[in-house]
Amino acid sequence: MISEILRGLWTTLRTMLRKPVTIQYPEVKRPVRTRFKGRHVLKRYDNGLEKCIGCSLCAAACPADAIFVEARENTDEERYSPGERYASIYEINMLRCIFCGYCEDACPTEAIVLGDNYELSFTDRRQSVYTKEMLIEPAPVSGKITPQRVPAGVFTRSVPEMHDPTD
Ligand code: SF4
Ligand code: SF4
9 MISEILRGLW TTLRTMLRKP VTIQYPEVKR PVRTRFKGRH VLKRYDNGLE KCIGCSLCAA
69 ACPADAIFVE ARENTDEERY SPGERYASIY EINMLRCIFC GYCEDACPTE AIVLGDNYEL
129 SFTDRRQSVY TKEMLIEPAP VSGKITPQRV PAGVFTRSVP EMHDPTD
């Protein structure tokens, strides 16, 4: 009996001097692994135009049917993305998503990327649908927000030219 108490006290003393393994979340956040797949982000080009061209390939590839895309036509007076079309509606239902990354793999313009944000709490089912406005990244300092008025005949190509297709 005494020996067990002493053993317990020794365990307490021993661990008291060790560096704690717990972190004070949410004040301190643990860095994620390089290949971590967190909340999606819709990316922009450096000029601020959206990379998403509304092709719906991500929705077709999604095994959980979590993505809804509706596309509209761009004009040079009101341009959201290079090429013909842009996503006027882009939604992901996070309750369905299994974070497999197939949408990322299917995207021809690298518009949808699974980022490092893992804070996905909500209290209502309706809040689980993340809209385009929630997913799109802010315009870069060198660029402008969308829609943009652009010179005619410049942004005719939906998918950027790849210098090294194996990259
Ligand atoms: S990560 Fe997978 S399940 Fe989630 S939206 Fe993309 S393809 Fe669908
Ligand atoms: S995110 Fe990519 S695959 Fe999905 S609609 Fe936009 S361009 Fe197409």
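Note that the working numbering has the sequence shown beginning at 9, numbered continuously upward. Just so it is clear, CB atoms sit at the ideal spot from N, CA and C, and this is done for glycine as well.
Start and end residues, beta strand (DSSP E) containing residue i
i, result
"residue 94", "93-101"
"residue 50", "48-50"
Helix, strand or coil at residue i [DSSP, three-state]
i, result
"residue 141", "helix"
"residue 22", "helix"
"residue 87", "strand"
"residue 32", "coil"
"residue 122", "strand"
"residue 78", "strand"
"residue 58", "strand"
Pairwise C-alpha distance: residue j and residue i
i, j, result
"residue 53", "residue 59", "6 Å"
"residue 166", "residue 51", "14 Å"
"residue 111", "residue 26", "43 Å"
"residue 74", "residue 34", "28 Å"
"residue 101", "residue 16", "49 Å"
"residue 147", "residue 133", "29 Å"
"residue 55", "residue 104", "33 Å"
"residue 67", "residue 160", "31 Å"
"residue 70", "residue 96", "19 Å"
Contacting residues, own chain, Cβ-Cβ under 7 Å from residue i (five flanking each side not counted)
i, result
"residue 93", "61, 62, 79, 80, 81 and 82"
"residue 204", "Residue 204 lies beyond the stretch modelled for the chain, which goes from 9 to 175, so this question has no answer here."
The alpha helix (DSSP H) enclosing residue i, as first and last residue numbers
i, result
"residue 111", "110-114"
"residue 128", "Element bounds for residue 128: n/a, residue is neither H nor E."
"residue 66", "65-69"
Close Cβ partners of residue i (< 8 Å) along its chain, the five nearest in sequence each way excluded
i, result
"residue 40", "46, 124 and 126"
"residue 19", "none"
Neighbourhood of residue i by C-beta distance below 6 Å, restricted to the same chain and skipping five residues each side
i, result
"residue 98", "77 and 140"
Check your reading: residues with Cβ closer than 6 Å to ligand 2 heavy atoms: Cβ-based neighbours of ligand 2 within the cut-off: 60, 61, 62, 63, 64, 65, 66, 77, 95, 114, 115, 117, 119 and 120.
Residue list, Cβ distance to ligand 1 heavy atoms smaller than 7 Å: So the residues near ligand 1 by this Cβ test are 45, 48, 66, 69, 70, 71, 72, 74, 75, 100, 104, 105, 106, 107, 108, 109, 110, 111, 112 and 122.
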